[in-house]
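Asks: Residue numbers (this note's numbering), protein chains in the order written: chain A, 74 to 357; chain B, 14 to 291; chain C, 3 to 294. Idealized CB from N, CA, C, for every residue including glycine.
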Amino acid sequence: MNSIQKNRLKDQLFKYWGIACTLIGLVLLVLFIGDILIDGISRIDWAFITDLPSRKAEKSGIYTALMGSIWILLLTTIIAVPVGVAAGVYLEEYSKKNRLSAILEINISNLAGVPSIIYGLLGLEVFVRIMSLGASVLAGALTLSLLILPIIIVATREAVKAVPKSIRDASYALGASKWQTIWYQLLPASGGGILTGVILALSRAVGETAPLIVVGALAYVPFAPSNPLDEFSVLPIQIFNWISRPQHGFIENAAAAIIILLLITFVMNGIAVYFRNKWQKKWK
Amino acid sequence: MEITMNKIADRKIDLNTISSKDGTELNQASRIEAKDVKVWYGDFMAIKGIDMTIKPNTVTAFIGPSGCGKSTFLRLFNRMNDYVEGFKMEGKIKINEDNIYKKKINVEELRKEIGMVFQKPNPFPKSIFENVAYGLKIQGITDKKFLNERVEKALRQADLWEEVKGDLKKSALALSGGQQQRLCIARTLAVKPSIILMDEPTSALDPISTAKIEELIHHLKEEYTIIIVTHNMQQASRISDYTAFFYLGELIEFDKTKKIFTNPEKKQTENYITGRFG
Amino acid sequence: MRRIKELIIEKSLLSSALITIAVTVGIILVLAIEAVSFFKEVSIFDFFTDTQWTPLFTDKHYGILPLLSGTLLTSFIAISVALPIGLSISIYLSEYAPKSFRKTIKPLLELLAAVPTVVYGFFALIVVTPFLQQFMPNLSGFNSLSAGIVMGIMIIPFISSLSEDALYAVPKDLREASYGMGATKFQTAFKVVVPAASSGIIVSIILAISRAIGETMIVAIAAGQQPRLTLDPTVPVETITAFIIQVSLGDVQHGSIEYKTIFAAGITLFAFTFLLNTISYQIRKKYQEKYE
Chain A
74 MNSIQKNRLK DQLFKYWGIA CTLIGLVLLV LFIGDILIDG ISRIDWAFIT
124 DLPSRKAEKS GIYTALMGSI WILLLTTIIA VPVGVAAGVY LEEYSKKNRL
174 SAILEINISN LAGVPSIIYG LLGLEVFVRI MSLGASVLAG ALTLSLLILP
224 IIIVATREAV KAVPKSIRDA SYALGASKWQ TIWYQLLPAS GGGILTGVIL
274 ALSRAVGETA PLIVVGALAY VPFAPSNPLD EFSVLPIQIF NWISRPQHGF
324 IENAAAAIII LLLITFVMNG IAVYFRNKWQ KKWK
Chain B
14 MEITMNKIAD RKIDLNTISS KDGTELNQAS RIEAKDVKVW YGDFMAIKGI
64 DMTIKPNTVT AFIGPSGCGK STFLRLFNRM NDYVEGFKME GKIKINEDNI
114 YKKKINVEEL RKEIGMVFQK PNPFPKSIFE NVAYGLKIQG ITDKKFLNER
164 VEKALRQADL WEEVKGDLKK SALALSGGQQ QRLCIARTLA VKPSIILMDE
214 PTSALDPIST AKIEELIHHL KEEYTIIIVT HNMQQASRIS DYTAFFYLGE
264 LIEFDKTKKI FTNPEKKQTE NYITGRFG
Chain C
3 MRRIKELIIE KSLLSSALIT IAVTVGIILV LAIEAVSFFK EVSIFDFFTD
53 TQWTPLFTDK HYGILPLLSG TLLTSFIAIS VALPIGLSIS IYLSEYAPKS
103 FRKTIKPLLE LLAAVPTVVY GFFALIVVTP FLQQFMPNLS GFNSLSAGIV
153 MGIMIIPFIS SLSEDALYAV PKDLREASYG MGATKFQTAF KVVVPAASSG
203 IIVSIILAIS RAIGETMIVA IAAGQQPRLT LDPTVPVETI TAFIIQVSLG
253 DVQHGSIEYK TIFAAGITLF AFTFLLNTIS YQIRKKYQEK YE
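#1: Name the chain C residues that come within less than 7 Å of A/Arg202, Cβ to Cβ?
#2: Please list, in chain order, all residues of the same chain as C/Ile281 whose beta carbon is under 8 Å from its beta carbon, the five residues on each side excluded.
#3: Ignoring anything shorter than 3 residues, give me the beta strand (DSSP E) runs that lie fully in the region 199 to 255 of chain B, in order along the chain.
#4: For a contact meaning CB atoms closer than 7 Å, what does B/Asn119 contact in chain A?
#5: Tell me, please, which residues DSSP counts as bridged to B/Ile67.
#6: Do you know offhand how far A/Ile92's Cα is from B/Ile154's?
#7: Measuring CA to CA, which of B/Leu87, B/Phe86, B/Trp53 and B/Pro136 is closest to B/Phe100?
#8: Identify each residue in the region 220 to 245 of chain C for which the Cβ-Cβ distance to at least one residue of chain A is less than 7 Å, and report them in chain order.
#9: Name, please, each residue of chain A whose Cβ falls closer than 8 Å to the Cβ of B/Gly153.
#10: Using a Cβ cut-off of 9 Å, pull out every chain A residue sitting near B/Glu122, in sequence order please.
#11: Around the C-beta of B/Glu175, are 16 or more other C-beta atoms found within 10 angstroms, so that it is buried, or is it exposed?
#12: Hey, is A/Ser209's beta-carbon within less than 8 Å of any beta-carbon in chain C?
#13: Would you give the residue range spanned by the beta strand (DSSP E) that B/Glu100 belongs to?
#14: Rounded to whole angstroms, what is the Cα-Cα separation between A/Thr95 and A/Ala345?
#15: Here's a check: name, in chain order, each residue in its chain whose Cβ is nearer than 8 Å to the Cβ of C/Gly202, leaving out the five neighbours to either side.
#16: For a cutoff of 8 Å on Cβ pairs, would you count A/Ser142 as touching chain C?
#17: Over what stretch of residues does the beta strand (DSSP E) that includes B/Glu266 continue unbroken?
#18: Residues bridged to B/Trp53 by DSSP?
#19: Which residues, in order along the region 114 to 146 of chain C, keep a beta-carbon less than 8 Å from a beta-carbon of chain A?
#20: At a Cβ cut of 7 Å, what residues of the region 177 to 192 of chain C count as close to chain B, listed as they run along the chain?
#21: With DSSP as the reference, label B/Asp156 as helix, strand or coil.
#22: Under the DSSP definition of a beta bridge, which residues are partnered with B/Val72?
#23: Please confirm whether C/Lys101 has its beta-carbon closer than 8 Å to some beta-carbon of chain B.
#24: Can you tell which of C/Leu111, C/Glu112 and C/Glu178 has its C-alpha closest to the C-alpha of B/Phe131?
#25: Report the rounded CA-to-CA distance for C/Ala199 versus B/Ala167, giving the unit in angstroms.
#26: Is A/Leu219 closer than 8 Å to A/Tyr257 when the C-beta atoms are compared?
#27: Give the residues of chain C in contact with A/Trp252, contact being defined as C-beta atoms less than 7 Å apart.
#28: Throw me the rounded Cβ distance for the B/Thr282 and B/Ile265 pair, which I believe falls under 8 Å.
#29: Spell out whether any CB of chain A is found under 8 Å from the CB atom of C/Val32.
#30: Please state the DSSP three-state secondary structure of B/Tyr260.
#31: Are A/Leu275 and A/Met341 closer than 8 Å when you measure CB to CB?
#32: Is any beta-carbon of chain B found at less than 8 Å from that of C/Val194?
#33: Out of C/Gly226, C/Ile215 and C/Leu95, which one is the CA nearest neighbour of C/Ile269?
#34: For C/Thr190, which residues from the same chain have a beta carbon less than 8 Å from its beta carbon, with the 5 sequence-adjacent residues on both sides left out?
#35: Counting only C-beta atoms, is B/Phe142 closer than 8 Å to chain C at any point?
#36: Check the Cβ of A/Asp303 against every Cβ in chain C and list those closer than 9 Å, keeping chain order.
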């Protein structure tokens, strides 16, 4: 074999290796989802969703955890979205190139890499203890809001940056102020991109377990929260709790609850991808 | 593929026996023949049936307005369009009687035979030496002495040796634009091709660097067949023996450069070279 | 009037941005204050040299090494899985795959990172460990091997997506120059494109390591809760993050030494990830300048 044939062979071999690697991740994902479906699908019925947790596996439902997740989602949206979008707009449109902007930039990039459990420790000390919110839904939502803030800020910046300069120029030329330009032109024009980022961030929040455990969310709550200061559990914690139990019935429950959680996560991701594609087309 | 390329390889052995007047080795240029070539990108027809024969040891200039298909046509000769998505081609292109669009052709081998210089100087982010030695190294050549000789020779041919001989280890990115482009030419020469394709090689350069490269092209003609795509009509008339005028995917006129620029057959050619459109 | 309104708006937007700084300062303060009060009771020397971590037992030892080794062991296994696969994927997608395939496959791969980690924990404990036990009868029910492998699968997209972005950003004319000289795609990828994108690839790897070190639920569920100074991947270990979860699940009084241990563990974890993130940020910064 001469060197050219050898090179061609290497080239071909790597190509198939690359395809194999690409597929292996996806195949594992499919196998894994298939396995969970087999374990859990038969357990899902209306009662599973509307029942309270119980000591007996076959009587347990996810009602309180699901409600807790919904509460967390709503409160986190209300808290994180305005702050994140405002910060993103500031950094992209107002911030000048100076030390403050450099610090903000490094800082946000760093925050995005801080492990979620560290946010839990922050939430435990600041929200639960110093602000005396206790292990409440509000304390959990505040903690998760800080966690997803960097994601929303980065998404907002990118979306706003993608708006063509001509739109800004046109608006300023008509005598609009900076804020008017942002409010009437930039935000509507970048809305799709921001929305994509927000949904992805929230889907991350729905699946978070560790920080909420640290904040003190409970594995067992008898009632769904009725106000922001109530105790709560969330779906991932319920799943974690069930996984830790030895009886097989609870494993089945865990699988069933995972199906619901994955459904929520994938639907949110799907919506995000849909918005992203729709929005990207607009500028191309 | 083996048959095709063995022929080229055989010819290369022959050429070692051919010597110029002063006794140094001479490379042997190749002949190109295109027959009824058609190219599509998806549904768009970029080349609409072109015949052309290019003689060895000549400089041929491709001219025409943007989007006329001259670059596409040039890139057919080393099958560079293969990587463009939606690319489809019909017809034959023969280099020394071998159809390079035959199924079994070895594209990598072909591209060693046909060098290419691009519009923007594109040195690899490596040292000057590594850039020039790249083509040899990917063929598996590791002999230090051989590499050193070839690199020096190529750099001399590209008229760059005197400027860089002291710092071959320096990053190629530190060179000026004109030097970078000559380095890219040296990189191409190092693998001893028989044809050199140039896709607007001076469009990103200043006039002095441009003049240097034009002079270089003039010398290289002795050993290579050169095809150059250019937007610059003066350049075409200065350096080429033959000129081909393309328009909307068709070859309008192809003749001796002198004829094209003084007495073109076609009205469209005349309009273009006199600057009435384009 | 209008100017005042504009000014108020600008300042309130600015204050939103400043919240992010408050968060960082908050994290550092909270961790530092609790850690300082922890180190009033436990000597720093013991913390870094004692080979046992038993704060919840009667015979208390506060050596972080067993937790650190658990963290590094699981992370190492995860990176050993994710790095070769992730890099191969990125090179395949950017250099070989048709554009349409690349466009469909990338978001699908990113789904791997979107799956909640508690779900991966389930996978590691209920599926992977029993599967591996068929070949390795000595494998414990809790072990760093399964946790590490599954974590590796989770972080594949971190490496593949970010590296692919870096590879894809390498100018096309460098590739063409290489092809033009008769190089195969393989040669072009490894001799030209990968070196040119190396900083971006390194950033992706550092971020993946940082992610693995901070990952909590997979290891808390599947690697066990037994702090142990070992490199044996078949036995239960405990990571820093898993320890924090273990303590948080119990009823721990504020001000107690147990409460403070999770902050001491936390600041160790934070120091590691902070260092990694800072390095990756600096590399990224430099690399952006190169291409702009």
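Replies: Reading it off the structure:
#1: His256
#2: Ile208
#3: 208 to 212 and 238 to 242
#4: Ile77
#5: B/Ile45
#6: 30 Å
#7: B/Trp53
#8: Ile223 and Thr243
#9: Ser76, Lys79 and Asn80
#10: Ile77
#11: exposed
#12: no
#13: According to the sequence displayed, residue 100 of chain B carries Phe and not Glu. Residues Phe100 to Ile108.
#14: 23 Å
#15: Leu164, Ser165, Asp167, Ala168, Leu169, Ala171, Arg286 and Tyr289
#16: no
#17: Glu263 to Lys269
#18: B/Met58 and B/Lys101
#19: Leu114, Ala116, Val117, Pro118, Thr119, Val120, Val121, Gly123, Phe124, Phe125, Leu127, Ile128 and Val129
#20: Glu178, Ala179, Tyr181, Gly182, Met183, Gly184, Ala185, Thr186 and Gln189
#21: coil
#22: B/Ile239
#23: yes
#24: C/Glu178
#25: 28 Å
#26: no
#27: Glu8 and Ile11
#28: 6 Å
#29: yes
#30: strand
#31: yes
#32: yes
#33: C/Ile215
#34: Glu97, Arg177, Ser180 and Tyr181
#35: no
#36: In chain order: nothing, as chain C lies at least about 19 Å away.
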